[in-house]
Structures are given as C-alpha cells and as structure tokens.
C-alpha cells in the first residue's frame, strides 16, 4: 500500500467532498478503491480506501474540463473514451458494476491509462500561451516567449541575476511604464496564488528598494487579493490582459504546484484542446521538462565538498560488495542532514559529496552550510563507530570538508533520464581543494565566507588557526592563515594549491554554546 494514496489524502489535497469522490467512482472517472487497514497514525477508522496516485491527476483533469463548461456526464464520457483508446488491441473494457469502478486488481492500470497513458505529444516548448515557473523565492526559473511579450513585456531570459527575476518586481516595473491597468490585476493574481508562502517578514522583503508610494501600492494590491484555497487545490482564475495594441483579452490562469515552485499557464478564454489537457496531467514529465530547461542564474551560493579520507585504502581492504555497502550506508545517514539544511545535491567526480546552499530571503545559506558540516561530522563519527564494531578494525572514517562562497552561474545539466544541478567557477574548485587539504574530519573555509556572517553568527562558531609554540600547538581563535604558509613544510605534497597560495582560510572547530563557552575571542587554546 506504500505506493497508493488514501481517500482521506485525496479529499485533503484536492478539496473535493466525500460525496463527490463517491460520485467520481460511480461514474467511472476514478477506479474502485482497494479497501484495507489504515496505516499507523490513522485513527478512528478500521478500514480505508486506497487509490493509485494518478487519481489526483484525474481529478485535476476533471477540474480543468469543468472550467471549460463540460458537464460531469460529458467528462465521464471523455474518461471512458480515453480508456477505450488506450486499451490493448483486442481487449474489451469491462463494464462498471452498479457500485461503480472495476475490480480492485484492475484499478491501477485503469486510472493510469485514463490519466497518463502514452507518450507526451505536447511539451512545454509547444505551449503557445504565456507560461512561467516561479520558485519559492518568487523568482522566475522558466518562462516562454509569449509570457515575456504579453505578461512582463521584457526579455526576462536575458536577466542573469536571479533576484532581478522576482515576479512582483518585474510586474511593478512593467506597470510603472504603462498606461493600462492589467499589470495591477496580474500582481493581485500572483499574490492570490503565492500568498501561502508570503508571511509578514517576506512581504517586507518584497518591498525593499521601493519608494514609499510603490510600497503602499503593493501593500494595497496584496490586501485586495482573493482568499487562498482552503486546501492544496489547483487554481483556475480569470485575468484580463492588455496587449500592446491596447486590446483586452481574458485568460484563465491554471497552476500546478510542485516541490520546486508553481507553474502558471495562461489559457485563452475560448478553451483548450485535449492534447494540452493531457500535458497538464503528466505532472512528473512537466516538472522534469521545466527543470531541464530552467534558465541558468547568477546566484550567491555556498559550496560544500566532502571527501572520504583514505577511500582508496579502505576499498582495498574490503570486498567490493562491502565497500559499496559502506559508501551507500554513509550516504544514507548523512542525506537527511543535508536536506534539513537546504543543501542541493551536485555531482561529485569521485565517491565524495558536493552540495550547494543557495541564497534565500529566509535564513542564512552560509550558516546553513557551516552548521550542516558540523552536524555531518558528528553523524559520520557515529557511523564510523558502528563500522569499527562490525569489522573489528582500527580504521576511523572521516569526511574531510571544504566550504566556500561566491557568485556563480547555477543551472542544470541532464542526460536522457536524470537532471543534475551544477555551478561553474572557482567557488567550486576552491571548495574541492580545501576538502583535499583537510585531514581527520577537518572543516576548512575561507576568510571571505566568515566575513559575510553577522557578528552574532560568528559568535556561534569556534574558528581559527593552530600555530606551533614551544609546548606544542596553540589554537588562535578568530584568526586566518594563507594556504602558502600552512603548506610551507611540505610544498611538494600540496603543489596543487599553487593556483591560490595567498587565499586566507580558517579551520571550523566546533559550534559554540553561548551559555557555557565564555572564551574571549582572539584568545589562545592549547592543543
């Protein structure tokens, strides 16, 4: 049942009533559910109905057809026709019994054929109506030419700085140079659809850099928005758009919500064809296409590179199956930590790890990278202890980490099946070199990164450099050193650092507990 969804989830995610759900089953729009015991945590019922996940797409298709004036009887006929056309040659569609639906063993195949059968004949590149994807920072990640021409009236794809592609600022700038009023309606529309992600602080950030009159105007448009959908329902809202020739045309704005953002499609009032309907019900294919074609953006980011120390030696000591078990186990234990701190996976050339931390309006991406690295070190230490007990060996597992910051172009590369995020430039190269420089689980970062933290943030971490003295080594807090000075004793071994010998770096020692750690900044600690 893990790959199915319950009737309760369908009702919560689509906003339909239980009576409507039962009616869709009776009409054959949805399959008869598989009845089973509720999962743990679902109390109050002894049995519950399970549906294929494609059922959500079927309900979305019903809502789209309703907006075009189709009756529920017409919609049921469309679904029956889809099922007949996608049934294998020589097969016969089984009649519905009086309770509706087919035998539960056929449910998954039926709904898949009705909602997402066959190859996608229409792609996002074929959309001739305005369309764009807005991320959770309200920045445009993908847009087509009709949206540039009709909605924003500028070449949005030429804006490389992602912050300059904020949907509200673009519409405001377009409106200030326009005599029409459709831009205000468009801003209100976007406020209505995106309002669940806009709290008081984020609303204030949207107004930064605006004049007082502009801020007051935007505040008024925000307050005039329509109420948000009570559940995670799809939006289908009308909007009037003024073209360059001052002609006015009504569009219906349809949205699709993904983890990566919200996809807006403006459809003419006169209707849409069945091919376009099918495209919108292939959610996974749509978002993959959007990610593959998203615009490269110049973003502020933090880069974390972590390499497994002595990986060649460890692989030589283990059977291949055991080595892959170790690597996969390591990924499994650290993955949730990267996800919790907002890390975005990037491709690493070896068996190490590369994650990007992107600048956002909520939270400090650089502190997220540092906190993530410190927590990862603890997680790896526990994982190492389990493997020492398992193998009865003396090997200690370490992830050596380098962190850097900068502004780079961030985008996607893709093969036939996968979409991978990547950034290009020295920011990534330096983070990789710092991870090679680190030993025994050390975390190294640059002076530039530390300088971009606030005073309060710097006080939460212990960083500095170890210096030799007569008694051994002394840790000097809040200090840095050039790489050339740190590798002076063994320049041959660290010759690959010669491209940036003057780079000031520092060692991240630990997280500081402000209640118990009263060490004065700049003081020395013996080691």
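Numbering (this note's numbering), first residue to last: 143 to 669. Backbone N, C-alpha and C fix where the C-beta goes; we use that ideal spot for every residue, glycine too.
Proximity below 8 Å, CB of residue i to CB of residue j
i	j	result
residue 452	residue 578	no
residue 398	residue 405	yes
residue 642	residue 589	no
residue 591	residue 542	no
residue 290	residue 307	no
residue 367	residue 334	yes
residue 607	residue 649	yes
Exposure label - residue i; buried when at least 16 CB within 10 Å
i	result
residue 277	buried
residue 444	buried
residue 380	exposed
residue 148	buried
residue 394	buried
residue 478	exposed
residue 241	In this prediction, residue 241 has a pLDDT of 36, which is less than 50 and means its spatial position is unreliable; nothing more can be read from the coordinates.
residue 353	exposed
residue 536	exposed
residue 213	exposed
DSSP state of residue i mapped onto helix, strand, coil
i	result
residue 259	Residue placement at residue 259 is poorly supported in this model, since its pLDDT is 47, which falls under 50; the coordinates still yield a value, given next. Looking at residue 259 - three-state DSSP - the assignment turns out to be coil, as it is neither helix nor strand.
residue 398	strand
residue 408	strand
residue 627	helix
residue 609	strand
residue 465	helix
residue 316	helix
residue 218	helix
residue 151	helix
residue 360	helix
residue 196	coil
Enclosing alpha helix (DSSP H) for residue i [first to last residue]
i	result
residue 513	507 to 533
residue 646	Per DSSP, residue 646 belongs to no alpha helix (DSSP H); it is in the beta strand (DSSP E), 646 to 653.
residue 298	It is not in any alpha helix (DSSP H) - residue 298 carries neither H nor E in the DSSP assignment.
residue 283	Where residue 283 is concerned, there is no enclosing alpha helix (DSSP H), although the beta strand (DSSP E) it sits in stretches over 282 to 285.
residue 579	568 to 579
residue 85	There is no way to answer for residue 85, as the model of the chain reaches only from 143 to 669.
residue 591	589 to 593
residue 453	453 to 459
residue 176	Element bounds for residue 176: not the alpha helix (DSSP H) but the beta strand (DSSP E), 176 to 178.
Endpoints, beta strand (DSSP E) assigned at residue i
i	result
residue 353	Here residue 353 belongs to no beta strand (DSSP E), and DSSP marks it neither H nor E.
residue 163	Element bounds for residue 163: not the beta strand (DSSP E) but the alpha helix (DSSP H), 160 to 169.
residue 449	439 to 450
residue 385	Segment: none, residue 385 is in no beta strand (DSSP E) and carries neither H nor E.
residue 275	273 to 276
residue 619	614 to 619
Closest by C-alpha distance to residue i, when choosing among the options
i	options	result
residue 438	536, 549 and 514	549
residue 587	599, 601, 597 and 605	605
residue 400	383, 426, 388 and 410	426
residue 522	487, 509, 468 and 554	468
residue 569	500, 613 and 612	500
residue 188	177, 198, 194 and 644	177
residue 330	362, 303 and 356	362
residue 200	272, 271, 179 and 155	155
Short CB-CB distance (under 8 Å) between residue i and chain D
i	result
residue 610	The question asks about chain D, but that chain is absent: this structure has only one protein chain.
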